[in-house]
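> Have a look at the structure that comes next, please.
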Ligand code: ZN
Ligand code: ZN
Ligand code: FE
């Protein structure tokens, strides 16, 4: 990995052993030439492998003998240019403890300087324009280092030795406080103080961070947060909160030990944790809150300047457009949303959102893989040629495989938005450029859905193309993360929507097979007829009409206690006339159906909302019953639910019995298959596994039966992980080649 202080480390090590020679970055790693007594060389080699800086991961060491050059010094020499850099680019790192101390030391020349950094911390991926990672290849190229900074940069014993973004108030970029009225001359300390004051006074600010702009405001001011929602056209989707420190986090949420480690770790993602008291405007209808700690020096300075201890910090955009990261674009798109801008001079090379994770029953799950993770490789696979996998249309992320390493891009977004599509094109170009891969040597892999925007995009590139079925990609993503290509598993893929082999909408699938051998669909949720196509995904009662049509003796659901709106009757008519109806095995729509029966009868405003609402109800209950769900037939399950609601059973209890029934049924199906096929491992993936209650219960049942249960660790179980699974199946030639 470049930019993690590895060369200075080697320099110091050579010095300690009195060895001469040199070290340099090469496109495919680091090259070291050392000469000296054999014992010292042995000691040196041992230390290189075992004492490397924490962010440097050594994937292999090759040693060979050469004639001594007779030099009496050790140097760090210029990078060697190569045709295709397969070297790993470091993700961005949060500001380190030493830099924070300098930031707060009035005697330090970088006191209060928002662009402070060193070899142990600071931006990487968000400032790199091309490889190898050297200052002229970064967005810092416009700033010439002053005397003091270059001395630090040149001195191998300094903490800033070859820290590419090194700068100080005398020579580097600055932050400015800008209002729509005009540019204020206030820079750095004064600009930050003004921003902190404005935030304390209830204003909304656009704050430039590492990978883009955030919209920030006081999280505890309901009125301000509501104003932000209105201006941003974001009705109910939860906002993330940045808190001053761990103590401030503990005031808002219950921080488990596992959560604390992630919160303070080198990624600094948004960590979803149980709220102490719901913050209704920040996360409407949720018992959880997404919290992150300051990670850029600017954030530390804002809190030090006295801004509120809990700030809403949400990607600066309207609705679900991609995050704004260019200054002119930010001003254009955010005027009318932000009352002020805190703008930094240093350009951002590419947009990178905050990552989102949640500690849960099967370990910590990554829900959005972006800053701090990207572009580190998520897996290694046996693929000789470069592969570009373009993912799915929602929560899009792409994967480029070069030299067998799978680089998963940062989160891109929902491709139905034009801006997200532009971001998608930029990211493809960026990755191909970075790794110097030509379009015409690519194998391009896309979803089997012929109507996906990503599919149509993919058809423009590559020498060869292949399609991978959505749910097989979900299952594959788990296995390739673990590097297990041969193991036969049972795969449970549960999610909202995916194009099936037969052209119907899948989403409740049970597979058997392996990465190398491919996956056979062996069982699935009983199919239902979905009226109205895509609209059924946003109207739970419309999905309900489809699933409930298969039940006998149903009461009139337009009456109390169900009180379904008119749309339900309209959907029933579509069904009876068989117009615009689609067959589906979607578990997501089954969740929507249950949510509708329990009172969620309005349209959803973000993906998965009704299911999240249902899980919240279920988590409040101690119900032990499980509705029957034999052979993945939802009819007895829904009949029991309808009967309970009609009989006035507590809705939280009914929600829980629904979850337990689903868990029992899917677990039973998986374990029966394991037994029949002599398989000992079950893989869980798909957006439905973001539901912790269901995942936890399935995990429990299968583990008790002595089975291994694997879920995603590095990429999301939702569609953010699809591209990795696509790449794996295509790499192993388990895709449909065009
Ligand atoms: Zn530092
Ligand atoms: Zn300087
Ligand atoms: Fe999916």
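In the working numbering, the protein residues as written are 1285 to 2022.
Glycine is no exception: its CB is placed at the ideal position from the N, C-alpha and C atoms.
Can you find a C-beta in chain D that's less than 8 Å from the C-beta of residue 1654?
In summary, chain D is missing from the structure at hand, where a single protein chain is found.
> From the DSSP output, in three-state form, read off residue 1983 for me.
Here residue 1983 sits in helix by DSSP.
> Counting C-beta neighbours from all protein chains within 10 Å, is the total for residue 1415 16 or more, i.e. buried, or is it exposed?
Flag for residue 1415 reads buried.
> From residue 1774 to residue 1724, what distance separates their C-alpha atoms?
Straight-line Cα distance between these residues: approximately 36 Å.
> Is residue 1430 near ligand 2 - that is, is its Cβ less than 7 Å away from at least one heavy atom of it?
Answer for residue 1430: yes, Cβ within range of ligand 2.
> Suppose you measure from the CA of residue 1463 to the CA of residue 1501; what does that come to, to the nearest Å?
Their backbone Cα atoms lie some 15 Å apart in a straight line.
> Using DSSP with H/G/I as helix, E/B as strand and the rest coil, what is residue 1514?
Three-state result, residue 1514: helix.
> Taking C-beta to C-beta, are residue 1314 and residue 1290 nearer than 8 Å?
Their beta carbons are under 8 Å apart, which means residue 1314 touches residue 1290 by this criterion.
> List the DSSP bridge partners of residue 1556.
According to DSSP, which records beta bridges pairwise, residue 1556 is partnered with 1574.
> For residue 1931, write down the residues that DSSP places opposite it in a beta bridge.
DSSP output for residue 1931 lists no bridge partner at all.
> Given residue 1867, which residues of its chain have a CB within under 8 Å of its CB, disregarding the five upstream and five downstream residues?
Answer for residue 1867: 1788, 1789, 1811, 1812, 1813 and 1814, listed in chain order.
> Is any non-hydrogen atom of ligand 2 found closer than 7 Å to the C-beta of residue 1383, if you look at the structure I gave you?
No, ligand 2 has no heavy atom inside 7 Å of this Cβ.
> Just reading off the alpha helix (DSSP H) that residue 1541 is part of, what are its end residues?
It spans 1541–1548 - the alpha helix (DSSP H) in which residue 1541 sits, taken as one unbroken run.
> Nearest CA to the CA of residue 1643: which residue from 1539, 1694 and 1702?
Of the candidates 1539, 1694 and 1702, the one whose C-alpha sits nearest the C-alpha of residue 1643 is 1539.
> For ligand 1, any of its heavy atoms closer than 7 Å to the Cβ of residue 2002?
No, Cβ of residue 2002 sits at least 7 Å from all heavy atoms of ligand 1.
> In three-state terms, what does DSSP make of residue 1698?
Residue state, collapsed to three classes: coil.
> Contact between the stretch 1664–1674 and the stretch 1725–1733: three or more CB pairs below 8 Å?
With a cut-off of 8 Å, the stretch 1725–1733 and the stretch 1664–1674 count as touching, because enough Cβ pairs lie within range.
> What I want to know is whether the C-beta of residue 1379 ends up closer than 7 Å to one or more non-hydrogen atoms of ligand 1.
Yes, the Cβ of residue 1379 comes within 7 Å of a heavy atom of ligand 1.
> Expressed to the nearest angstrom, what Euclidean distance is found between the alpha-carbon atoms of residue 1349 and residue 1763?
Cα-Cα distance, rounded: 39 Å.
> Is residue 1732 near ligand 3, with its Cβ less than 7 Å from a heavy atom?
Because no heavy atom of ligand 3 lies under 7 Å away, the Cβ of residue 1732 does not count as near it: no.
> I believe residue 1796 touches residue 1963 by the beta-carbon criterion, under 8 Å. Please report the beta-carbon distance rounded to the nearest angstrom.
Indeed they touch by this definition, with Cβ atoms about 7 Å apart.
> Could I get the ranges of all uninterrupted alpha helix (DSSP H) runs contained in the stretch 1338–1406, with 4 residues as the minimum, in chain order?
Qualifying alpha helix (DSSP H) stretches, in chain order: 1381–1387.
> Given a threshold of 16 other Cβ atoms within 10 Å of its Cβ, counted over all protein chains shown, does residue 1619 qualify as buried or as exposed?
The residue in question, residue 1619, is exposed, as its Cβ has fewer than 16 Cβ neighbours within 10 Å.
> When you compare only the Cα positions, how much space is there between residue 1542 and residue 1425?
So the alpha carbons of these two residues sit roughly 39 Å apart.
> Per DSSP, residue 1459 is paired with what?
In the DSSP output, where bridge partners are listed per residue, residue 1459 has 1628.
> How many angstroms separate the CA atom of residue 1760 from the CA atom of residue 1821?
So the alpha carbons of these two residues sit roughly 25 Å apart.
> Take residue 1405 as the anchor and find which of 1791, 1388, 1378 and 1412 has the nearest alpha-carbon.
Answer by Cα proximity: 1378.
> What residue does the alpha helix (DSSP H) around residue 1535 start on, and which one ends it?
Taken as a continuous stretch (DSSP letters only), the alpha helix (DSSP H) holding residue 1535 covers 1530–1536.
> By the three-class DSSP mapping on this structure, what secondary structure does residue 1526 have?
The answer is strand: DSSP assigns residue 1526 an E or B state.
> Over what stretch of residues does the beta strand (DSSP E) that includes residue 1497 continue unbroken?
Unbroken beta strand (DSSP E) run through residue 1497: 1497–1502.
> Given residue 2005, which residues of its chain have a CB within under 6 Å of its CB, disregarding the five upstream and five downstream residues?
Closer than 6 Å at the Cβ level, and outside the excluded window around residue 2005, lie 1761, 1996 and 1999.
> Mind the definition here: the stretch 1887–1904 touches the stretch 1830–1850 only if three or more C-beta pairs lie below 8 Å; say whether that holds.
No, the stretch 1887–1904 is not in contact with the stretch 1830–1850.
> For the pair the stretch 1559–1568 and the stretch 1448–1463, tell me if three or more CB-CB distances fall below 8 Å.
Short answer: they don't touch.
> Pick from 1679, 1612, 1633 and 1661: whose alpha carbon is nearest that of residue 1640?
For the residues 1679, 1612, 1633 and 1661, the minimum Cα distance to residue 1640 belongs to 1679.
> Are residue 1333 and residue 1347 touching if we call contact CB-CB under 8 Å?
For residue 1333 and residue 1347, no; Cβs fall outside 8 Å.
> Can you tell me which residues form a DSSP beta bridge with residue 1492?
BP columns for residue 1492 point to 1497.
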